[in-house]
Structure formats: C-alpha cells, structure tokens
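Worksheet: one structure, shown below.
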C-alpha cells in the first residue's frame, strides 16, 4: 500500500491558539518499537534463524542472490533497455516522482543531487524528465570533494550553496530548448521561461548531527519556488531535527511525508517539500551560529532546541498522526520477524518457494501500477 501523507499549514491565528509539547507525544509511540527491537536482538544472540527467513519477508528486495531475478530492477531492465543504471534507488525515486508533483511537464529543472552512489537516481531523473518533456541540468556529489559533502565546517555549506546558485543562474540564461545542458536532456517543445530547482539527498546518516547539517544545507540553499527530497529515518525524537521540520512546514507550500513500497521493511521515509519560500536571514544566521558553536565544542548538539519543544497544536497533531503511521508500519515488520523466528520449526518447509512466487507477484503488481511498457532493444 502506498503511504502518501501531506502535512498542511493552518490559518495563522488558529495555529497560534494552542501549543503542544511535541517530544512527549512522539516518544510515547516509540515504546513498543523499542521493546520489539530489544526482543529481536535477544533472539539474534540465541540463534541465527532470523537470517534464514528475513529474505522471505522482504518482498521488494534486490540484494539477496537467490531472489535477484524476481526484483523490480531485474524486471525493469528487461522492459526498458538502454537505461544506464536501474537499481533499487532508481525504482524508489521513480515511485516518489509518480506519486508526488515534484517534477512537472514542460519545465526546466536544475537539480543538486547530493546522494552517494547516485547513478541510479540520476538515470531515473533523466528518464522521468524525458517522459515529462522537461529539461534538466545536474550537479552531483562527485562535483564536490568528500570533505565538502560531509559538511565538516560551515564553509562547506556556503560553497555547496553557491554552486547550486550558480547552476540555477546558468540554466536561466540558457533557455533555448535545442541546447543541451550539463548532463541534461533537451527536447523541442515549449518550456517555462524560468527554471525550478530541486535538491535531493537520499543518503543514510547514522549520526543525527550529520542529518541536521544536511537538511539545513538544503533549507539554506533553496531559492523561492524550489523543491527538495530528503531521506530521514525513524525515530523522530531529535529536537534539533524537529526544529528544521517545523521550519520546513512553514516555508514549503506542500510538505509531504512518503514511505515508498520498497522501503516498507526499513526505518526510512522521505520528506518532499514543494514550492519553497526562503527563510529570513536572521533565522539562517542564528542556525549558522549554533552550528559554529557545536563545531567549536561550545555547545552540545543534543542540547540544541530553538523552540523548547513547544509547537502549535495544529502542527503537532498532524505530525503525531504521520509518526504513528510510519512507526506502526515498522512495528508490523518487527512483529513478523519475531513470529517467524519463534515458529520457525513449525512453518511449512516450502515457504522459501512460496515467498519467491509472492515476491514475483508483488513486483509485477508494482510495474503494472506505473504502466511500464516493453520497448525493443
């Protein structure tokens, strides 16, 4: 089932009518998840059965050798040849683009792609823009050195932001549809006279401070009318990251929380912000000051909370609902693993074969949903 949830801004007077302490509300939903993960960890220490049956639970996996021929990337490579890279990232991005309004028809797009191992995402964006008769220019993480992308100091944020601004400026100066751009696609069709910017980062960061810096980089760099796609993991219990989500809530026309089918068995989800309104300089300078203080060991990142965990009730109620949906999906997967582990001796020995058949059915269902048609090589 597709998970598509948009969080809406309320009327300002209504929103300010009542506040909520958000941390207390969100942390309540994590108690069950914490309990289940501790139980799973204990079972892994006892026996390694879990490894044997985990592949049977991951209906959309492309990692396991014995089911790779049933994966969506494998099937798509047969349907639409000539693509450079169709991998799990390709299919996740394709699903998100189809289910949101991130890329429209007949537009110019300049995209900053900060993801590592981005080739599948890059190929998907080119393919999707060609379907939409849109032209696209790219900057990727390979255009920066490793230390810049890691944002080891505040100057890295400034440098990447300036490169994104330059890309935005260059594509606005070159609006001839017959002229190809930096790694992009051109088509002979009408284009809007101004480009739209998108910044994408789908990396996994184990360190919450890194997540904070990467999300801030996006909010700092975007221009009016731009959009973003950013990957986040559960749990939503870091106060500083919640600060940035609340800022995004106020500065995007649409803020969407999306859980792709192929991430159903992970903690990960995506936030998509569409039509950005730039943050005022005073707030940006305040956050930059906090980052400098943390980098200089004058402030503990875990103590940073610009709103003292108090948010408008309208925002808190919506986020609580979204958090419950995301957490319950992951809890269901954890419960399923525990059941298979505890009942392994009594489960039909043909389950591996049945699971592979089911994987094939689910993946074909996904392909049919997006109406992929076979093309000749």
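Residue numbers (this note's numbering): 1 to 377.
Where a beta carbon is used, it is the ideal one built from N, C-alpha and C, also for glycine.
Exercise. Is the number of C-beta pairs between the segment 153-171 and the segment 216-234 that are closer than 8 Å three or more?
Worked result: yes
Exercise. Between which two residues does the beta strand (DSSP E) carrying residue 138 extend?
Worked result: 135-140
Exercise. Going by alpha carbons, who is nearest to residue 202 out of 112, 72 and 307?
Worked result: 112
Exercise. From what residue to what residue does the alpha helix (DSSP H) around residue 119 run?
Worked result: 119-131
For this session: Specify, as a first and last residue, the run of the alpha helix (DSSP H) that residue 206 falls within.
Result: Careful: residue 206 lies outside any alpha helix (DSSP H) and carries neither H nor E.
Exercise. Are the segment 240-259 and the segment 89-108 touching by the rule of at least three beta carbon pairs closer than 8 Å?
Worked result: yes
Exercise. What do you reckon, are the CB atoms on residue 327 and residue 232 nearer than 9 Å?
Worked result: no
Exercise. In this structure, does DSSP put residue 225 in helix, strand or coil?
Worked result: coil
Exercise. Over what stretch of residues does the alpha helix (DSSP H) that includes residue 281 continue unbroken?
Worked result: 281-295
Exercise. Terminal residues of the continuous alpha helix (DSSP H) containing residue 312?
Worked result: That residue, residue 312, is in no alpha helix (DSSP H); its beta strand (DSSP E) goes 310-312.
Exercise. Along the chain, where does the beta strand (DSSP E) that runs through residue 196 open and close?
Worked result: 195-201
Exercise. Grouping DSSP H, G and I as helix and E and B as strand, with all else coil, what is residue 87?
Worked result: coil
Exercise. If you follow the alpha helix (DSSP H) that residue 79 is part of, which residue opens it and which one closes it?
Worked result: 72-79
Problem set entry | residue 364 (DSSP reduced to helix, strand or coil) | helix
For this session: Please report the residue range of the alpha helix (DSSP H) in which residue 239 lies.
Result: 239-251
Exercise. Since residue 366 contacts residue 72 with CB under 8 Å, what's their CB separation in whole angstroms?
Worked result: 6 Å
Exercise. Fully enclosed by the segment 143-168, which alpha helix (DSSP H) runs are 4 residues long or longer?
Worked result: 146-150
Exercise. Contact between the segment 303-310 and the segment 255-270: three or more CB pairs below 8 Å?
Worked result: no
Problem set entry | Nearest-angstrom beta carbon gap, residue 108 and residue 135 [assumed within contact, 8 Å] | 5 Å
Exercise. Based on the DSSP output, what are the partners of residue 274 in its beta bridges?
Worked result: 254
Exercise. If you check the beta carbons only, do residue 240 and residue 196 fall under 9 Å apart?
Worked result: no
Exercise. Are residue 157 and residue 212 closer than 9 Å when you measure CB to CB?
Worked result: no
Exercise. Per DSSP, residue 233 forms a beta bridge with which residues?
Worked result: 268
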